[in-house]
Amino acid sequence: MFSSKTSRWFGFLILLMLGLRIGYKYYRSQQPSAAEEHMANAQARSKALVEAIKADQEKQRAAGTPVILADSTVAATDTASVN
């Protein structure tokens with residue numbers, strides 16, 4: 001049906017396509033998913049916010065201003081002692 005030269009080209013093309021498919025699947029498996037990427041960004045923003053709050057509290061302490069803590073357990077004990 002085909003000449004031997006044509007059969008070799010088809011065989012080479014099939015092997016090339018198979019290699020590209022396997023390579024692409026490996027590449028995609030190494031990439032982080034959108035959920036993992038979103039979670040990493042959220043954790044980085046959270047860590048930056050905590051550090052900014054701590055820095056602001058240290059700045060307030062250095063200035064001699066009383067630092068107000070927003071802790072629910074402290075608020076619960078304060079309101080319980082007032083009543």
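Per the UniProt record's numbering, the sequence shown runs over residues 1 to 83.
C-beta: ideal position from N, C-alpha, C; glycine also.
Here the structure is a predicted model, which is why all the values come from computation and not from measurement.
Simplified DSSP state of N83, which is helix, strand or coil: Reliability of the predicted coordinates at N83 is poor, the pLDDT of 48 falling under 50, and the value obtained from them is presented with this limitation in mind. If DSSP states are grouped into helix, strand and coil, N83 belongs with coil.
Who are the near neighbours of S3 in its chain, counting only those whose CB is closer than 6 angstroms to its CB and skipping five residues on each side? none
Helix, strand or coil at residue 91 [DSSP, three-state]: Residue 91 lies beyond the residue range present for the chain, which begins at 1 and ends at 83; the question has no answer from this structure.
Whole angstroms are fine: how far does the CA of A42 sit from the CA of R21? 33 angstroms
Taking the alpha helix (DSSP H) that Q60 falls in, what are its first and last residues? 34-63
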